[in-house]
Each structure stands twice: as structure tokens, then as C-alpha cells.
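Chemist: Take this structure, written in C-alpha cells, and hold onto it; I'll ask about it next.
Number of protein chains: 2
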Amino acid sequence: MSKIAIGPRTVLYPLPTVLAGANVDGKPNFSTYAWCGIANSSPPMISVAFQHKRHTLKGIKQNGTFSVNIPSVDLVKEADYCGLVSGRDRDKVADCKFNVFYGKLESAPMIEECPVNLECRVVNTLHLGSHELVVGQIEEVHATESCLTDGVPDVNKIHPFLWAMSPLNQYCKIGEPIGEAFSIGKELKA
Amino acid sequence: MSKIAIGPRTVLYPLPTVLAGANVDGKPNFSTYAWCGIANSSPPMISVAFQHKRHTLKGIKQNGTFSVNIPSVDLVKEADYCGLVSGRDRDKVADCKFNVFYGKLESAPMIEECPVNLECRVVNTLHLGSHELVVGQIEEVHATESCLTDGVPDVNKIHPFLWAMSPLNQYCKIGEPIGEAFSIGKELKA
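Chains as they are written, first to last, in our numbering: chain A, 1 to 190; chain B, 1001 to 1190.
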């Protein structure tokens, strides 16, 4: 198995595609991010890396709050669009015909059309270079009722998608199951 | 579209499944993580959240280095196994029949059988609660030669998988493409 060193680069599979939202100068704005991940379990936290120039980041600094909205495959065009244009130039909420709602934090705008919405309060920020890594505590999760199974968000009803980076550079569906987590490896214990 | 508040929880789709590695007391150990994400583009960085008790975290603190290894679907049992047992009790390298190699950092063990390996140097650590969020600069990427297309890691050759959380709780393949990134949203610009 021949290994080749290809230099430092950002490689990770799969990458999520989420819409992060904030009120910028009092107006809701959303942009698309793949550089994010769960950062802590208890209390629940998520990290999102923002380029310094991002309009959404300006709103996060104004309010100390933001949202993470998980789009379904039906919203793939809107999700891509929100990464292509800046809220400085366009009203993305109007262009995408999003219905915006607010929760307990009051200042973190969320997208009704996205099946899962995380309301986050900033707890930490790291200046890392090209990006600012914002860590938010997930203060509340909102889910579309029809996407729940026994009160829990169900991936088979949410139909999220992922981004497979270059050279494929496609958004992709979640594929077929290949094994039960915390179970299929047990046979190696023998 | 009726929304229900379901309380704070860690919800994100899709979640990666990676094997993070470190030398613990001089011996390579690997464990399985889904709480990770790209943290910065330039220089390339990745974050991984470790429970404080994790054996791998002990090794990261000893060396200031770690690896992130991306398994293919062929390694789903091994990846699950490495999350089920602790390196305190078992030699996971032997149990999984992994071949271990080292790169420029010399102290970050990597798994030859994984098609992509990131060599990381710790640049930041955040104590967030249940977990410690370790941010590592990706100093080198190693890839299996047969998984490259024009020198770039190719998801169609790597065959990575994701973890879809409860209630599905399955590892899943990458599914079918649904649209080109940075392109399919352009029609909303009109």
C-alpha cells in the first residue's frame, strides 16, 4: 500500500453543509458552511469556522448568538446560493423565499424550511489564521414535527446532504447503511 | 410547517467517522471520533473533541501531536471496534491488524490501511465541559496512491463513510450526487 505525501490540506469526509444565520444590523442573514463540527457533548456545543470578512460573522459579533440550520436535499439550490453571494449585496432571505423565526435567544434567526435548527450562544472564539473558529453552546434545538420519530430528529425523514470536496465537488445524499454503530465492531473483541 | 423545541442536543448531519491516533507512553493507540471538523483553511487545521478520560488524549498531551485517519467502508468493523474498547485494556493496533507508519512529525502514528492520513500538531486546546476540543494544524497529508486523481484524494476511490446518529445509528456510505457545489445555486441569482 504505497503512500504519497501530498502536502498540508483540508481533507475530511464527509463534510456537512449547513446554513449559519445571524442578525446583521438587525436583519437576518444566512451563509453556507462546511467547516463545522460538534465540539462538546455536555453541554452541547458546535464549532463553525468563519472567514473574517463574512457578513454573518459581523452579526454574530453584534449579538453573541447565531443559528445552525440543517437543510434537506430539497434546499440544495438555496444552500449553494447562500454560499455564492454575500448578504452585503443581496437579501438572501428574500431571494430564497425563506420564512424566518426566532426562539429563546431572540436574536438568532432560523429558517423554517430547514428540518433542524440549532440556536447557539457564543462561548468561545479562536483566531486561527484565515478563519475565526466560533464555538457556540446549543441552547435549543427546533425540529420540524414531521421529521421526528419518538421525539428525536430522524435522518431518514430529514434527508440531509453532504459536500464531497474536489475533485468530485458534488453535494451528495446520505447513502446506504453498512453497519450498526457501537455494535458491528464487537466481533473483533473475540 | 410546525416546529417543536426538543431541548439542547448535539444534532448534525452528516458526521464523519475518523480514527484519531497518538503515541501513549510510546505505544500507538487509535480511537474513533465523530465530533470533529475542519477549523481553518490557511494554514489547514482540524478540531477533534476528546472526552477527558480518553487514552488517546493522554498521548496527545505527551507529544503535542496526533493523527486523523479516514477509514474506508472496508474498515467499518475496525473503526467501530476502536470506539468500543480503550487502549488501556487492549492493543487495538494488534487487534485490528493495522500497519502503523510515521511521517515528518515523527510522533503521530498513522494507519497504512486508511486511505487518507492527516499529521497534526496541536495549536490550541479548549476545555469546554465534557470534552476537550483539540485544534491541530495539519502539517502533512498522506494518501494511498491508488486513491488519488491528478494528485488529489478522490472520494470515489476512498469510499469513506459517515455516522448517522440515533435513531438510525448506522454507518452509511456516501450517496448519490444531487448537484454541483458552487454552481447549482447560480440560477437563484437571476
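Ideal Cβ positions, reconstructed from N, Cα and C, are used throughout, including at glycine.
With burial defined as no fewer than 16 other Cβ atoms inside 10 Å of the residue's Cβ, what is the status of Ser1107 (chain B): buried or exposed?
Modeler: In the second sequence, counting from the first residue as 1, residue 1107 (chain B) sits at position 107. Under this definition Ser1107 (chain B) is a buried residue.
Chemist: Between which two residues does the alpha helix (DSSP H) containing Cys82 (chain A) stretch?
Modeler: Walking along the first sequence from the start, residue 82 (chain A) turns up at place 82. 76-84 is the extent of the alpha helix (DSSP H) around Cys82 (chain A).
Chemist: Taking 8 Å as the CB-CB cut-off, is Gly21 (chain A) touching chain D?
Modeler: Going by chain labels, chain D is absent from the structure shown, which instead holds the protein chains A and B.
Chemist: Under 7 Å Cβ-Cβ, which residues of chain B neighbour Ser41 (chain A)?
Modeler: The sequence position of residue 41 (chain A) within the first sequence is 41, counting from 1. Result: Thr1010, Ser1130, His1131.
Chemist: What alpha helix (DSSP H) runs, 4 residues minimum, are completely inside the region 1049-1074 of chain B?
Modeler: The qualifying runs are 1055-1063.
Chemist: Could you tell me the alpha carbon to alpha carbon distance between His142 (chain A) and Pro71 (chain A), rounded to whole angstroms?
Modeler: Residue 142 (chain A) sits at position 142 when you count from the first residue of the first sequence. Residue 71 (chain A) sits at position 71 when you count from the first residue of the first sequence. Roughly 13 Å between the two C-alpha positions.
Chemist: Step through the CB atoms of chain A and report whether any lies within less than 8 Å of the CB of Pro1177 (chain B).
Modeler: Mapped onto the second sequence, residue 1177 (chain B) falls at position 177. Closer than 8 Å to some Cβ of chain A, the Cβ of Pro1177 (chain B) qualifies, so yes.
Chemist: Report the residues of the region 150-175 of chain A with a CB closer than 8 Å to any CB of chain B, ordered along the chain.
Modeler: Going along the region 150-175 of chain A in chain order, one finds Asp150, Gly151, Val152, Pro153, Asp154, Val155, Asn156, Ile158, Pro160, Phe161, Leu162, Trp163, Ala164, Met165, Ser166, Pro167, Leu168, Asn169, Gln170, Tyr171, Cys172, Lys173, Ile174, Gly175 with a Cβ nearer than 8 Å to chain B.
Chemist: Do Thr1125 (chain B) and Glu1119 (chain B) count as a contact pair if the criterion is CB distance below 8 Å?
Modeler: As a first step, residue 1119 (chain B) is located in the second sequence; it is residue number 119 there, counting from the start. As a first step, residue 1125 (chain B) is located in the second sequence; it is residue number 125 there, counting from the start. No, the pair does not count as a contact, with Cβ atoms beyond the cut-off.
Chemist: Do the region 58-74 of chain A and the region 1155-1163 of chain B make contact, defined as three or more Cβ pairs closer than 8 Å?
Modeler: These segments do not touch.
Chemist: In chain A, which residues lie with their C-beta within 7 Å of the C-beta of Ala1181 (chain B)?
Modeler: Within the second sequence, numbered from 1, the residue matching residue 1181 (chain B) stands at position 181. What Ala1181 (chain B) touches in chain A: Asp80, Trp163, Asn169, Gln170, Tyr171.
Chemist: Using only the alpha-carbon positions, how far apart do Gly1087 (chain B) and Thr1056 (chain B) sit?
Modeler: Against the second sequence, residue 1087 (chain B) aligns to sequence position 87. Against the second sequence, residue 1056 (chain B) aligns to sequence position 56. If I take the Cα positions, the gap works out to 8 Å.
Chemist: Please list, in chain order, the residues of the region 1114-1129 of chain B that have any C-beta partner in chain A closer than 7 Å.
Modeler: Going along the region 1114-1129 of chain B in chain order, one finds Val1116, Leu1118, Asn1124, Leu1126, Leu1128, Gly1129 with a Cβ nearer than 7 Å to chain A.
Chemist: What residues are listed by DSSP as bridge partners for Gly175 (chain A)?
Modeler: Sequence index remark: in the first sequence, residue 175 (chain A) carries index 175 (1-based). Beta-bridge pairing links Gly175 (chain A) to no other residue.
Chemist: For chain A, is any of its Cβ atoms less than 8 Å away from the one on Gly1007 (chain B)?
Modeler: As a working mapping, residue 1007 (chain B) is identified with position 7 in the second sequence. True, the Cβ-Cβ gap to chain A drops below 8 Å.
Chemist: Tell me where the beta strand (DSSP E) around Ile138 (chain A) begins and ends.
Modeler: As a working note, residue 138 (chain A) is residue 138 in the first sequence. Note, Ile138 (chain A): beta strand (DSSP E), 131-144.
Chemist: Determine, using beta carbons only, whether Asp1091 (chain B) comes closer than 8 Å to chain A.
Modeler: For the purposes of this step, residue 1091 (chain B) is taken as residue 91 along the second sequence, with counting starting at 1. Judged by the 8 Å Cβ criterion, Asp1091 (chain B) is not in contact with chain A.
Chemist: Roughly how many angstroms separate the alpha carbons of Lys1027 (chain B) and Ala94 (chain A), rounded to a whole number?
Modeler: Counting from 1 along the second sequence, the entry for residue 1027 (chain B) is found at position 27. Counting from 1 along the first sequence, the entry for residue 94 (chain A) is found at position 94. Approximately 56 Å, taken between the alpha carbons.
Chemist: Is the beta carbon of Ser47 (chain A) less than 8 Å from the beta carbon of Ser1047 (chain B)?
Modeler: Translated into positions along the first sequence, residue 47 (chain A) becomes position 47. Translated into positions along the second sequence, residue 1047 (chain B) becomes position 47. Yes. Within cutoff.
Chemist: Below 8 Å on the Cβ atoms is my contact criterion, and I expect Tyr171 (chain A) with Pro1177 (chain B) to pass it. Report the Cβ-Cβ distance as a whole number of Å.
Modeler: Translated into positions along the first sequence, residue 171 (chain A) becomes position 171. Translated into positions along the second sequence, residue 1177 (chain B) becomes position 177. Correct: roughly 7 Å between the Cβ atoms.
Chemist: Expressed to the nearest angstrom, what Euclidean distance is found between the alpha-carbon atoms of Leu1105 (chain B) and Val1122 (chain B)?
Modeler: Along the second sequence, one-based indexing puts residue 1105 (chain B) at 105. Along the second sequence, one-based indexing puts residue 1122 (chain B) at 122. If you take the alpha carbons of Leu1105 (chain B) and Val1122 (chain B), they lie about 11 Å apart.
Chemist: Apply the 10 Å Cβ neighbour rule to Asp150 (chain A) and answer buried if 16 or more other Cβ atoms are within range, or exposed otherwise.
Modeler: For the purposes of this step, residue 150 (chain A) is identified with residue 150 of the first sequence, where counting begins at 1. With fewer than 16 Cβ atoms within 10 Å of its Cβ, Asp150 (chain A) is classed as exposed.
Chemist: Would you identify the three-state DSSP class for Ala1181 (chain B), choosing helix, strand or coil?
Modeler: Translated into the one-based positions of the second sequence, residue 1181 (chain B) becomes position 181. In this structure, Ala1181 (chain B) counts as coil in the three-state DSSP scheme.
Chemist: Taking the alpha carbon of Gln62 (chain A) as the reference point, which residue from A:Pro43, A:Leu75, A:Ala22, A:Ala49 has its own alpha carbon closest?
Modeler: Here residue 62 (chain A) corresponds to residue number 62 of the first sequence, with the count starting at 1. Closest option to Gln62 (chain A), Cα to Cα, is A:Ala22.
Chemist: Is there a C-beta anywhere in chain A that falls below 8 Å from the one on Ser1031 (chain B)?
Modeler: Here the question's residue 1031 (chain B) lines up with position 31 in the second sequence. With 8 Å as the cut-off, Ser1031 (chain B) does not count as an interface residue toward chain A.
Chemist: Cβ of Lys1053 (chain B) less than 8 Å from any chain A Cβ?
Modeler: Locating residue 1053 (chain B) in the second sequence gives position 53, where the first residue counts as 1. It does not; no Cβ of chain A falls within 8 Å.
Chemist: Using CA coordinates, which residue listed in B:Arg1009, B:Gly1037, B:Leu1019 is at the minimum distance from Thr10 (chain A)?
Modeler: Against the first sequence, residue 10 (chain A) aligns to sequence position 10. Cα-wise, what sits closest to Thr10 (chain A) is B:Gly1037.
Chemist: Since Glu1057 (chain B) meets chain A, which of its residues come closer than 8 Å, beta carbon to beta carbon?
Modeler: As a working mapping, residue 1057 (chain B) is identified with position 57 in the second sequence. The sequence shown places Leu at residue 1057 (chain B), rather than the Glu named in the question. Neighbours of Leu1057 (chain B) on chain A: none; closest Cβ ~14 Å, over 8 Å.
Chemist: Could you work out which residues of chain B lie near Gly103 (chain A), taking near to mean beta carbons separated by less than 8 Å?
Modeler: By one-based count along the first sequence, residue 103 (chain A) stands at place 103. Those are Ala1005, listed as they occur along chain B.
Chemist: Please classify Leu1239 (chain B): does DSSP put it in a helix, a strand, or coil?
Modeler: Since the first and last residues shown for chain B are 1001 and 1190, residue 1239 (chain B) lies out of range.
Chemist: Given Gly1059 (chain B), which residues of its chain have a CB within under 7 Å of its CB, disregarding the five upstream and five downstream residues?
Modeler: Translated into the one-based positions of the second sequence, residue 1059 (chain B) becomes position 59. Cβ neighbours of Gly1059 (chain B) beyond the five flanking positions: Ala1022, Asn1023, Val1024, Asn1029.
Chemist: Going by CA-CA distance only, name the one from A:Asn117, A:Gly103, A:Tyr102, A:Glu113 that's closest to Ala20 (chain A).
Modeler: Along the first sequence, one-based indexing puts residue 20 (chain A) at 20. Nearest of A:Asn117, A:Gly103, A:Tyr102, A:Glu113 to Ala20 (chain A), Cα basis: A:Asn117.
Chemist: CA-CA distance, Lys77 (chain A) and His1052 (chain B)?
Modeler: The residue you call residue 77 (chain A) lines up with position 77 of the first sequence. The residue you call residue 1052 (chain B) lines up with position 52 of the second sequence. Cα to Cα, the separation comes out at about 40 Å.
Chemist: So, Ile1174 (chain B) versus Val1152 (chain B), is the Cβ gap smaller than 8 Å?
Modeler: Within the second sequence, numbered from 1, the residue matching residue 1174 (chain B) stands at position 174. Within the second sequence, numbered from 1, the residue matching residue 1152 (chain B) stands at position 152. Contact: no.
Chemist: Please confirm whether any heavy atom of the ligand NAD lies closer than 7 Å to the CB of Val1011 (chain B).
Modeler: This structure lacks the ligand NAD; in fact it carries no ligand of any kind.
Chemist: So, does the CB of Pro14 (chain A) fall closer than 8 Å to a CB anywhere in chain B?
Modeler: Within the first sequence, the letter at position 14 stands for residue 14 (chain A). Answer yes: the Cβ-Cβ gap between Pro14 (chain A) and chain B drops below 8 Å somewhere.
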